[in-house]
Amino acid sequence: MANLNIAVISAEVSPFSKAGGLADVAHALPKHLHLLGHEVTVITPYYKFIDQQSLAKEFMGEVEVSFGDQKFPVKFLKTRLSPNSPVAVYFVYQPQLFSDHNKLWGYPNDNLRFAVFNRAVFSLFELLGSFPDVLHCHDWHAGLIPNYLRLEFSKDGRWAKTSTVFTIHNLLYQMQGMWYEVPKKKRDAGRGLPPTNPTELRNVNFAMRGIKYADAINAVSVRYAEEILTKKFGEGLDGLLRRRRSRVFGIINGVDYSIFNPSFDPNITNHYDWNSLDKKIKNKVSLQQELGLPESGNTPLLGMVHRLTEQKGFDLIMDILPTLLRQDVQFVVVGHGDRGYLRFFRQMAKKYPRQVAIHLEFSEAMGSRVYAASDMFLMPSRYEPCGISQLISLRYGSIPIVHHTGGLVDTITDFDPRTGNGTGFTFQTYHATDLLMALVRALETYKYHRVWEFLTWQAMRQSFSWELPARKYVELYRKAIRFHHALE
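Numbering-wise (our numbering), the sequence shown opens with residue 3 and increments by one.
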């Protein structure tokens, strides 16, 4: 089959910008698509903090993007995904909307910012004179692209053969603000092109339009693709998704083991693999020293590296932590988020200084050290589209304790000491007691050194590389192309 020309459009791309796991996907997937022989470009906004990264950038041209009565001058800058990468990255440079901003989103004009970004994507390819086979649009920030292509740009013969894929990383986030906060009378029905009036644009649901107009849709795990068809997980869009269910697929994210690997992770002091687990204990002692915890290779160390939000299960952690700390355990949390959780963990660290350590800001380096040091990794998410943290924890030999939902169902199996099957500990019902019982099972298993060592060895040998997901995405692109041609 002929190789494809694929454009990956994302609001965040590691290492240039990152707010969550989307940035890792937008870096790793293009790299592995290229390894399969496809031509790949990445398009992302140019944020203010990128100035600090000393990137080699090439000026590609300047256009004026019209949006209603407003005109926005946009420059396109080209760099590489990494210094020696053949994958080109195009930055959309628009100071008024992006390059004077210190964070990626969370502004009252986000819908305008990303609507202009979406239109700029079309301007870029028209400037380059090259038109991709597939526009792969990630999450709501790129959700208007399928809408614009279907109802406007496809009338231009140059775009007639281009198809779209819309990937849902987290359906809760659909637009600036929250969809459920928009009065029902003002909710976007998705008909026609998006309005250009700033007041009306504020109520446009980007994700809904992405789902409605894309040639193919996918969620980032098989289970989550099934869940979002239900009212419980569909975030108000389950009806639309059910109507388009023949176009909805699930593909599990991968992990880039060239980055997340304890054999050579530059952020940890003692490198190890599944044949040298004694060195993992040295990382544990190093972290205990760094964080001021009592040094003990035998005390089970429980880690969390997440955004501190209710989605990640921190309400359950608040319920069980005082009870858990009656045991001989240590608990380390890394992340930033909701003020209530930040306040709680500061109180816990003050009350239990020999058992609780905190690093309440985002830090990949500290995250790596927690993965490498911890015996168990807590991920009791209320819901989880895919999750990358549990996949990283497996490779680092930190046994995941997870809620049986979304991508956690697809990636973690419950350990049975009688058969030796399984890679972690799961709980079925989202309730503090159920999480505590899973932790009790894990802590009891930990007492049996040989069993725990086998479980750690088995977990580390699991493979969730990007090779298979990349191949599945190529299959999805080809389906999208067939679907697109069927509309002609």
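Beta carbons are placed, not taken as given, at the ideal position from N, Cα and C, and that holds for glycine. None of these values were measured; they are calculated from a predicted model.
Beta-carbon within less than 8 angstroms of Asp-113's beta-carbon, same chain only, minus the 5 sequence neighbours each way: which residues are those? The residue given as residue 113 occupies position 111 in the sequence shown. Here residue 113 turns out to be Asn, not Asp, going by the sequence shown. Result list for Asn-113: Met-177, Gln-178, Leu-203, Arg-204, Val-206 and Phe-208, in chain order.
Of the residues Gln-392, Glu-446 and His-433, which one's Cα is nearest the Cα of Asp-418? Residue mapping note: residue 418 aligns to position 416 of the sequence shown, counting from 1. Checking every option, the nearest Cα to that of Asp-418 belongs to Glu-446.
Considering only their Cβ atoms, is the gap separating Gly-305 from His-405 smaller than 8 angstroms? What you label residue 405 is simply residue 403 of the sequence shown in a count that begins at 1. What you label residue 305 is simply residue 303 of the sequence shown in a count that begins at 1. The answer is no: Cβ separation not under 8 angstroms.
Where Gln-96 falls, given that 16 or more other Cβ within 10 Å makes a residue buried: Taking the sequence shown and counting its residues from 1, one reaches residue 96 at position 94. So Gln-96 ends up on the buried side.
In angstroms with no decimal places, state the Cα-to-Cα distance between Leu-344 and Gly-194. Working through the sequence shown from its first residue, we reach residue 344 at position 342. Working through the sequence shown from its first residue, we reach residue 194 at position 192. Each residue's Cα considered, the two are about 44 angstroms apart.
Out of Pro-88, Thr-43, Glu-60 and Gln-98, which has the shortest C-alpha to C-alpha gap to Val-67? For the purposes of this step, residue 67 is taken as the residue at position 65 of the sequence shown. The shortest C-alpha separation from Val-67 is found at Gln-98.
Using the Cβ count rule (16 or more neighbours within 10 Å means buried), how would you classify Ser-400? Here residue 400 corresponds to residue number 398 of the sequence shown, with the count starting at 1. That one is buried.
Is the beta carbon of Ile-403 sitting closer than 8 angstroms to the one on Ala-444? Stepping through the sequence shown from its first residue, residue 403 is reached at position 401. Stepping through the sequence shown from its first residue, residue 444 is reached at position 442. Yes, they are a contact pair.
Looking at the structure shown, is Ile-319 part of a helix, part of a strand, or coil, going by DSSP? As a position in the sequence shown, residue 319 is number 317, starting the count at 1. In this structure, Ile-319 counts as helix in the three-state DSSP scheme.
Are three or more beta carbon pairs between the segment 357-370 and the segment 319-336 nearer than 8 angstroms? yes
Check for me: the beta strand (DSSP E) holding Leu-380 runs from which residue to which? Residue mapping note: residue 380 aligns to position 378 of the sequence shown, counting from 1. Here the beta strand (DSSP E) through Leu-380 covers 378-381.
How big is the Cα-Cα spacing for Tyr-385 and Asp-412? On the sequence shown, residue 385 is found 383 positions in, with the first residue counted as 1. On the sequence shown, residue 412 is found 410 positions in, with the first residue counted as 1. Taking the straight line joining both Cα atoms gives about 13 angstroms.
Check the C-beta distance from Pro-302 over to Met-368 and give it rounded, since I have them as a contact under 8 angstroms. Reading the sequence shown from its first residue, position 300 is the one you call residue 302. Reading the sequence shown from its first residue, position 366 is the one you call residue 368. The pair is not a contact, with the Cβ atoms about 20 angstroms apart (cut-off 8 angstroms).
Please work out which residues of its chain come closer than 8 angstroms, Cβ to Cβ, to Gly-342, disregarding the five sequence neighbours upstream and downstream, and give them in chain order. Translated into positions along the sequence shown, residue 342 becomes position 340. Cβ contact annotation for Gly-342 (same chain, cutoff 8 angstroms, sequence separation greater than five): none.
To the nearest angstrom, how far is it from the Cα of Arg-484 to the Cα of His-40? Here residue 484 refers to the residue found at position 482 of the sequence shown. Here residue 40 refers to the residue found at position 38 of the sequence shown. Arg-484 and His-40: Cα-Cα distance of roughly 18 angstroms.
If we ignore side chains and look at the alpha-carbon of each, how far apart do Asn-508 and Ile-254 end up? Nothing can be reported for residue 508, as the shown portion of the chain is limited to 3 through 490.
Taking the beta carbon of Tyr-109 as the centre, do at least 16 other beta carbons fall within 10 Å, making it buried, or is it exposed? Counting from one through the sequence shown, the residue named residue 109 turns up at place 107. By the neighbour-count rule (16 or more Cβ atoms within 10 Å), Tyr-109 is not buried but exposed.
With 16 other Cβ atoms within 10 Å as the buried cut-off, status of Glu-477: Position 475 of the sequence shown holds residue 477. Exposed.
Output yes or no for whether 8 angstroms exceeds the beta carbon distance between Val-89 and Lys-33. The count along the sequence shown starts at 1 and reaches residue 89 at position 87. The count along the sequence shown starts at 1 and reaches residue 33 at position 31. Yes, these two residues count as a Cβ contact at 8 angstroms.
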